[in-house]
């Protein structure tokens, strides 16, 4: 199988590339804005002979691929702020390149890595059934543009029902290769452990569902190696985790000190999405997908690797 991967510099893409490169009879063609950097990274992998690195400009319809996986689109909150509404243009630009390719190679599978943000503002209550998306018509925030870009792309894909297009919505993802300086709750918690400082937060509880890299890989492979119709699939772990559970877990497993402020107005990067997890389990029915790890198990496994690596280099 020949797979093209757009956005090969993203961390979730790299985690997947490492796992895919271990498969027999597979060749990976990685596309990015910095192919030299990707080539240097790939050269350190065991299966480097299966990997080729190219600039986006080198992609054309003359090449033959069995599948294309598109990771284009920033996920780091700080990068999303910088891009703002331009995320619409960027997402559409690379999606159009791939759609044009599908017009020539109709059998090729296209996996678009979307986000739970495509649902918009539906995560404020636990009982919402998550069967529609909700966005403001004006005064959009930075995070709105990111979700709108994913939503518009998904709607475009549903209209192209003749193609093998699959939108995979990622809600929360954590791995040992995470950027520990990024503005994510687990990255922030790690920095508190590293710096021996206190994690301050509000008493507002939130729910997150962290999919393990192996489960994400399992879901992607299920799509690649099974025949299903054009559709959207949500990522999910064996069990979500609440913020209260997460704080206690980080304290018990890694010694993180914390201070919970009652009725506080501390600014939280996660406050806009209270119950941010999927209720759509269609991947199980369509593909037999059964996640192996809970959010709690994923966090302990991956955070342990990060802390071990840092201690090793100290």
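In our numbering, the protein residues as written are 2 to 315. We put the CB at the ideal spot given by N, CA and C, even for glycine.
In the structure shown, residue 9 falls within a coil segment according to DSSP collapsed to helix, strand and coil. A direct Cα-Cα distance of roughly 44 Å separates residue 241 from residue 63. Look at the beta carbons and you see the region 275–282 touching the region 207–225: at least three pairs across the two are nearer than 8 Å. Counting along the chain, residue 71 sits inside the beta strand (DSSP E) bounded by residues 68–71. Per the coordinates, the alpha-carbon of residue 154 lies some 20 Å from the alpha-carbon of residue 139. Taking C-beta atoms under 8 Å as the contact rule, residue 3 and residue 65 qualify, at a distance of about 7 Å. Using a Cβ distance threshold of 8 Å, residue 174 and residue 18 do not count as a contacting pair. For residue 218, the uninterrupted alpha helix (DSSP H) run begins and ends at 214–225, by DSSP. Residue 183 is not a Cβ neighbour of residue 151, given a cutoff of 8 Å.
Setting aside the 5 residues that flank it on each side, residue 190 is surrounded in the same chain by 200, 251 and 257, each with a C-beta closer than 7 Å to its C-beta; the list follows chain order.
In this structure residue 81 is in contact with residue 147, their Cβ atoms being roughly 5 Å apart against a cut-off of 8 Å. Sequence-distant Cβ neighbours of residue 295 in its own chain, meaning closer than 7 Å and more than five residues away, are 238, 239 and 240. Under DSSP, residue 121 forms a beta bridge with 135. Membership of residue 188 in the alpha helix (DSSP H) is indicated by the continuous run 186–195. Taking residue 101 as reference, the option from 231, 306 and 164 with the minimal CA-CA separation is 164. Linking residue 291 to residue 227 through their CA atoms gives a straight-line distance of about 15 Å. If the five residues before and after residue 103 are omitted, its C-beta is found closer than 7 Å to the C-beta atoms of 109, 111 and 164, all from its own chain and listed in chain order. One Cα belongs to residue 286, the other to residue 198, and the distance between them is close to 45 Å. Secondary structure of residue 168 (DSSP, three-state): strand. Closest option to residue 230, judged by alpha-carbon separation, among 160, 33, 195 and 194: 160.
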